[in-house]
Structure formats: structure tokens, C-alpha cells
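In case it helps, numbering that gives the first Met the number 0 puts the sequence shown at residues 0 to 174.
Note that CB positions come from ideal geometry on N, CA and C, so glycine has one too.
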Amino acid sequence: MRTVRPAGDVEKIRKDLARDLVAEIRTLDKQLTENSARMQSLVETTGSTLMKTPGIGPVMAARLIGRVGRADRFPTAAAFANYAGAAPVEIASADKARHRLSRSGDRQLNSVLHTVTVVQIRVPSSPGHAYYQRKLSEGKTPKEAKRCLKRRLADHVWRVMIADERRTTLSVTTA
């Protein structure tokens with residue numbers, strides 16, 4: 000911005016607006032960094048191991064914990080996947096049956112699972128990428144393979160959260 004020399008009044012206003020926008024972006028970026036650090040420390044104080052899962056950082060872990068609450072309120076991984084909208088629903092038309100993801104459930108929780116799914120697909124070293132590639136080689140379409148991975152991640156998240164809760168309960172009762 001220092002090298003820009005406005006030629007007239009309109010250009011001066013544009014430069015001032017640009018300077019204000021840059022300052023606002025810097026402020027918001029600093030707030031995002033601080034929020035991420037706070038979320039990480041809060042997730043760590045809960046004793047959660049969700050961040051060990053590829054694709055789940057402090058923000059995603061905080062969103063999962065915040066949206067789910069206590070995972071033991073779901074009796075099974077299937078119940079959790081259904082709540083998250085990650086359980087496939089059968090759609091039958093004439094003599095053809097297929098599956099699609101449920102449009103019901105907690106949409107914000109589903110969004111977190113979708114983000115983790117996309118991240119795992121994009122990272123070649125993640126277990127989700129290998130699973131996705133295996134599903135593609137089995138003849139599934141990319142959408143079907145992504146749906147399978149999202150369901151598998153929902154099961155994994157539920158198991159990790161249950162294990163974390165049991166570990167926390169065990170440490171409280173023994174202390």
C-alpha cells in the first residue's frame with residue numbers, strides 16, 4: 000500500500016478503504032489464531048484424543064465435542080451416525096435400490112464430519128485416503144466412496160469419544 004500513489008480523490012478513497020480492509024483482516028486473523036489456541040487448550044483439558052485422528056485439529060475437535068456433548072448418550076455407533084446424518088438412507092425407485100446420505104440429523108455435526116472426510120481424502124498418507132481408494136477400486140463412485148468414508152469416520156469419532164469418556168470416568172473414580 001505504501002507504493003501506491005493515488006492520482007485523484009477517487010483513488011485516495013480507494014486506498015483508504017483498502018487500508019481499512021487490510022487492518023480489519025489482520026485483526027480478524029489475530030482473533031482466529033487466538034481462538035484456535037484457546038480451543039486447543041480447552042480440548043486438551045477435556046482429555047480428548049480426537050486430535051490424534053488425521054484431519055481433526057483443535058477447531059474440529061472443539062466443534063465435535065461441543066455438538067455431541069456426551070457420546071455415551073448414543074447406545075451404538077449407528078445411533079450416533081444417524082444423529083450426525085452420516086448413516087445412509089435407502090432410496091428405492093422401481094426395481095433399483097440405492098443409498099444416499101440422510102438430510103436430517105445435526106447439520107453442523109455433519110459438516111464437521113464432511114470436512115474431516117475431505118481432508119483425509121486429500122492427504123495420501125491418511126488411513127481415510129487408503130479406504131477411499133479401496134472403495135473406488137471396488138467400483139463405487141466417488142460420491143459413494145465419500146459416503147462410506149464419512150460413515151466410517153462417524154463410527155471412529157464415536158468410539159474415540161466413548162473411550163475418552165471411559166478413561167476420564169475411570170481416572171475420576173480412582174482418584
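Item: Please go through the region 91-161 and give each complete beta strand (DSSP E) segment of 3 or more residues, from N-terminal end onward.; Value: 95-100
Item: Given that a residue counts as buried once 16 or more other Cβ atoms are within 10 Å of its Cβ, and exposed if not, what is L16?; Value: exposed
Item: Tell me which same chain residues have a C-beta within less than 8 Å of the C-beta of V122, skipping the five on either side of it?; Value: P53, G54 and H128
Item: From the DSSP output, in three-state form, read off P57 for me.; Value: helix
Item: Which of the three DSSP states is assigned to G68 in this structure?; Value: coil
Item: In chain order, what residues of the same chain have a beta carbon less than 6 Å from the beta carbon of A91, not counting five sequence neighbours either side?; Value: none
Item: Going by alpha carbons, who is nearest to V58 out of L152, K51, Q39 and T45?; Value: Q39
Item: Relative to the C-alpha of T2, which candidate in V9, I161 and R18 has its C-alpha closest?; Value: R18
Item: State buried or exposed for Q132, treating a residue as buried only when at least 16 other CB atoms are found within 10 Å of its CB.; Value: exposed
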